Amino acid sequence: MKKLALLLVGALTLFSATAQKKNFTYKFYGFVRGDLFYNTRANMAPVDGNFYLYPLDEKPDADGKDLNATPNGSFYTFTSRLGINMTGPDVGSAHTSACLETDFGGFSSSTTMLRIRQAWVALDWEKSNVLIGHTWHPLFGSVFPDILNLSTGAPFQPFNRSPQIRYQYKAGKVKLTASAIWQLQYLSSGPKGMSEDYIKTAVCRNCMPEPILPLLTIG
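Using the numbering used here, the first residue of the sequence shown is number 35, and each one after it goes up by one.
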């Protein structure tokens, strides 16, 4: 509880630090990206075809003609990105930092809407770190293929950013991570399709929104 209280204080400190200036740094980053693609057949590709997963299997009609053997393509720039990394004054013995990142990936079926890609604040001690906000799922590893396609290893790599409270402890080359995660843009599927309603209505007085996920990494 003490570290969580310090984290909240650190968040307020970071966002008021622009007036203080002392020990406050920030750096903008981003890029403009365009994706022009052509496929020889239909495929499983969410985000209007920009997030390619795999080609669809044959689907013969009454005459034996493959209905999925149809070419398609498009040209998008909505993955263009802008972000800011910030570091602020120390809170006790902890270093504070924050990140705010956005693109035009939209929400739900929209692909031209400005959205939050990452938004978090963190307190970092020498051997431990506490983060609260919207960032990468703890099971998304630091090792993934370097490819031109946006999917970066999905569906085998969990391409997921979620609201969470995350704690990390470092012991040499071993890092232990535990996160309490909510769902927002990457949702579970159920009777109503993909929806946040399942986790919203599953909240009870004496339980967590999702199980805490322990993750051990060595590196």
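Beta carbons are placed, not taken as given, at the ideal position from N, Cα and C, and that holds for glycine.
Since this is a predicted model, take the numbers as computed values, not measurements.
Looking only at DSSP bridge pairs, what is residue i linked to?
i	result
Leu134	Ile118, Ala153
Trp170	Arg195
Ser108	Phe71
Val125	Ala128
Asn77	Pro89
Gly227	Gly224
Using DSSP with H/G/I as helix, E/B as strand and the rest coil, what is residue i?
i	result
Tyr220	coil
Thr59	strand
Ile181	coil
Lys209	strand
Tyr232	helix
Phe85	coil
Val164	strand
Arg200	strand
Met35	For Met35, the pLDDT reaches just 48, beneath the cut-off of 50, and the residue's location in the model is therefore unreliable, although a value from the coordinates is still provided. Coil.
Leu40	Because Leu40 sits at a pLDDT of 49, beneath the cut-off of 50, its placement in the model cannot be relied upon, and the following sentence gives the value as read from the coordinates. DSSP places Leu40 in helix when its eight states are reduced to three.
Pro94	strand
Met147	coil
Phe65	strand
Ala188	coil
Ala103	coil
Ala51	Low per-residue confidence applies at Ala51: pLDDT is 47, beneath 50, and the placement is therefore not dependable enough to give any value.
If contacts are defined as beta-carbon pairs under 8 Å, then residue i and residue j qualify, I think. What distance do you get, rounded to the angstrom?
i	j	result
Val155	Ala128	Contact doesn't hold; Cβ gap of about 11 Å is too wide.
Ala76	Asn106	7 Å
Asn194	Tyr220	5 Å
Gln198	Ser213	5 Å
Tyr63	Asn119	7 Å
Asp69	Thr113	7 Å
Let me make sure I understand the geometry here. Which of the options has the alpha-carbon closest to that of residue i?
i	options	result
Ser196	Ala153, Gly206, Met228, Ser185	Ala153
Asn183	Met78, Asn84, Asn77	Asn84
Gly122	Tyr60, Tyr86, Ile215, Gln191	Tyr60
Thr130	Leu165, Leu116, Gly206, Arg67	Leu165
Val66	Pro80, Phe138, Lys204	Phe138
Trp170	Arg200, Lys161, Asp180, Met147	Arg200
Asn163	Ala205, Ser176, Tyr72	Ala205
Met147	Lys161, Phe71, Lys99, Arg115	Arg115
Lys207	Gly224, Lys161, Pro179, Gly187	Lys161
Gly167	Asp82, Gly175, Leu157, Ser176	Leu157
Val81	Pro225, Leu134, Ser185	Ser185
Tyr86	Trp159, Ser108, Glu92	Ser108
Glu135	Thr111, Val125, Ile150, Gly126	Ile150
Gln202	Lys93, Pro172, Thr111, Leu90	Pro172
Thr4	Gly140, Ala96, Lys93, Gly98	Outside the shown range of the chain, which is 35 to 253, sits residue 4, and nothing can be said about it.
Is residue i a contact residue of the ligand ZN, with contact defined as CB to any heavy atom under 7 Å?
i	result
Met78	The model depicted lacks the ligand ZN and carries no ligand whatsoever.
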